[in-house]
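Each remark here refers to the structure printed beneath this line.
Residue numbers (the working numbering): 72 to 287.
See below:
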C-alpha cells in the first residue's frame, strides 16, 4: 500500500494556542551527552531534531523557542558530537542531534557518534517523534537516507521538516514535495505530513509548535 505525503495544514486556533503557550515558557540548555549513561531521566515527553550539517537546525530551534542564540550553545568546539538536551518548561525535552554528513570528521569520531545515536533512538521510551530536517533547495539526498533507515529500524516515527522554504520559488514547491514523497514512500516510519518552514520568514513555526504541543 502506497502512502500519500502532503504538506501539513496550518493548526486550528485551539492547537495553535497550545503550541504558543508551550513555547512561550522557559527554555534552557540542560546538558550535552556523549554516552547513554549521561542521558537525563526519562521523566517527560521529548522530540529530537536531526539533519545534515548546514541544514538550518540551530536556526529552526531558535525560531521555535524565540531565543536567538539558544541552539548556538551546542555548537561550541568539542560539543559538536554530543546529543544536546534543552528543557521546554517542565513538560518536554527538545533534543538536538549532531549534524550528519560531516565528511571531515575522523572515522572513529563518526563511528562513536553513530553508536550513540543508534542506542539513543532504540532505547529512549519517552521519544515521541523525530523531526528530520531537509533543505528545501535540495530535497532528500543520499546523505539523508542513512538516518531515515536508522529511524525505520528503531521504530521511531519521524516527520520531515523542510527548511529554508523562502529560498525556493512557489512554482518549484510541488516538484519538491513530489521528490520528498517519492523518497519517503520507502520508509515505513515516516509520518505522512511534511512541514514546510522558513526560520527567517517564520513560515511553519506555529505549525511545528502545535505539532509538538499536541503529541500524545
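Heads up, the beta-carbon is just placed ideally off N, CA and C, and yes, glycines get one too.
- Looking at the DSSP output, residue 133 sits in no beta bridge, so it has no partner there.
- DSSP assignment within the segment 188-235 yields the following whole beta strand (DSSP E) runs of 3 residues or more, N-terminal first: 198-206 and 229-234.
- Residue range 276-284 is occupied by the alpha helix (DSSP H) that includes residue 283, with no beta strand (DSSP E) assigned at that position.
- If you ignore the 5 residues before and after residue 75, its C-beta comes within less than 7 Å of the C-beta of 263, all in its own chain and listed in chain order.
- In this structure residue 267 is buried. Its beta-carbon is surrounded by 16 or more other beta-carbon atoms within 10 angstroms.
- When secondary structure is reduced to three states using DSSP, residue 237 falls in the helix class.
- Residue 187 sits close to residue 106, with the two beta carbons spaced by under 8 Å.
- Taken through DSSP and simplified to helix, strand or coil, residue 94 comes out as helix.
- Taking C-beta atoms as the reference points, residue 135 and residue 202 fail to come closer than 8 Å.
- Setting aside the 5 residues that flank it on each side, residue 153 is surrounded in the same chain by 103, 104, 105, 145 and 169, each with a C-beta closer than 8 Å to its C-beta; the list follows chain order.
- The alpha-carbon of residue 281 is positioned some 10 Å away from that of residue 275.
- With a contact defined as Cβ atoms closer than 8 Å, residue 81 and residue 278 qualify at about 6 Å.
- Per DSSP, the continuous beta strand (DSSP E) segment holding residue 121 begins and ends at 116-122.
- Distances from the alpha-carbon of residue 255 to those of 88, 159, 233 and 270 put 233 closest.
- In the pairwise beta carbon analysis, the segment 85-101 is classified as not touching the segment 176-183: fewer than three pairs are separated by under 8 Å.
- Judged by DSSP secondary structure, residue 268 falls outside any beta strand (DSSP E); it is assigned neither H nor E.
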